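In the numbering used here, the protein residues as written are 892 to 1311.
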């Protein structure tokens, strides 16, 4: 699990306090009989047990709870415990001193700590550069509230996951947050976490042609599309042109914000997006631009897609689930053929199941790549197939930290005859 291993800077006061706390704690532990340690030492022990590499936070992540990212930032709590200890020691030493002495010492420590830990930045320079951009966003959101009405929902493009996903062209992370801070009435779409179904739905609808995108957003109650022009090489011209060509008007503004807004016609009785739609999951390889065409989807258990020329494959450890979305037609069942190549990291067996029924059992040797083509029967809509490793996964040589069991390469769905 990648992370940030260097702790945050504690400052001179924090370092002195930490050294004093450690010395005091070790002396108490070394005394005979041992004496109770300060509460601050127990607080530090809990922080180390939680935040160190390979500790509680890492175990939680291995169990699927990878919410507490960048745990090194917990060092701010180290400073709090250290200051509790330091000020407590000062209080003991200065109990008999005049009040002005204790107040003055506390003021000196506070002022020095603030001065020593505040970065030396030209704040006025940054403030002067940011102010016009911020004012432009404020003007734009006020204008949108007037045009669309309080409480209107606005869909933001390009779709970005939260918290960070890296820049797109000149648009950096968190730019979509700006209208949130400028207006308290309008509702904006930015914010779904990575791998969430909400993010999957947003990515799914934005792959659609303009007409389908408009239809889905309007059915969900969105009143406008917010397009950050800094994210597009052409300034969003093609996107806006596609939307306007379907009789949706661009809201012209002169605020100076790097944003273009296209107005939608929200449904009078909007419906919530269907987050159970199989198609919002990751495509197995290239996502389809046609939402009504058959689709192969990597549901869960798969590592990211790998590619070498025309070859494409995914690894899994013990279990990998694939979704097949098939257009609903006149027949309740359709026949198709599933074509792929299978391999294992070491001698092992792999099964393919559909609805609890075993479709295929393969016994594979290490280094063998077995081509397979089997018939499958599909229903209109959602279908699920599960690959299972019958042995144990292992770690590959060369420093690869993934636990791997089997690989599926060049997965294809070949339509066959329709049948009842």
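Cβ coordinates follow ideal geometry from the N, Cα and C atoms, glycine included. Computed from a predicted model, the values in this text were never measured in an experiment.
- Of the other Cβ atoms in all chains shown, 16 or more fall within 10 Å of the Cβ of residue 976; this residue is therefore buried.
- A direct Cα-Cα distance of roughly 43 Å separates residue 1300 from residue 1157.
- Per DSSP, residue 1182 lies in no beta strand (DSSP E) segment and is marked neither H nor E.
- Taken atom to atom, the span from the alpha-carbon of residue 1057 to that of residue 1177 is near 21 Å.
- In the DSSP assignment, residue 1151 falls within the unbroken beta strand (DSSP E) covering 1150-1154.
- One thing to note: residue 1252 has its Cβ within 8 Å of the Cβ of residue 1242.
- Closest option to residue 1246, judged by alpha-carbon separation, among 1227, 1229, 1078 and 1270: 1270.
- Of the candidates 1291, 1159 and 1129, the residue whose Cα lies closest to the Cα of residue 1151 is 1129.
- Non-local C-beta neighbours of residue 908 in its own chain, meaning closer than 7 Å and more than five positions away in sequence, comprise 973, 974, 976 and 977, ordered along the chain.
- The stretch 999-1009 makes no contact with the stretch 1030-1050; the number of CB pairs closer than 8 Å stays below 3.
- With respect to the 8 Å criterion, residue 1116 and residue 1090 are not classified as neighbours on the basis of their beta carbons.
- Looking at the DSSP output, residue 1248 shares a beta bridge with 1245.
- Residue 948 carries a helical assignment under DSSP once its states are collapsed to helix, strand and coil.
- With contacts defined by Cβ atoms closer than 8 Å, residue 1063 and residue 1049 do not form a contacting pair.
- Remark: C-beta atoms of residue 1216 and residue 1185 approach each other more closely than 8 Å.
- Here the alpha carbon of residue 1093 sits roughly 11 Å from the alpha carbon of residue 1082.
- Counting only residues of its own chain and dropping the five nearest sequence neighbours on each side, residue 1281 has a CB closer than 6 Å to the CB of 1240.
- The shortest C-alpha to C-alpha distance from residue 1173 to any of 1139, 964 and 1214 is the one to 1214.
- With fewer than three CB-CB distances shorter than 8 Å, the stretch 936-956 does not count as touching the stretch 983-996.
- With distances taken between CA atoms, residue 1261 lies nearest to 1233 out of 927, 1286 and 1233.
- The straight-line gap separating the alpha-carbon atoms of residue 1228 and residue 1153 is approximately 43 Å.
- In this structure, residue 1303 lies away from residue 1226, with their beta-carbon atoms at least 8 Å apart.
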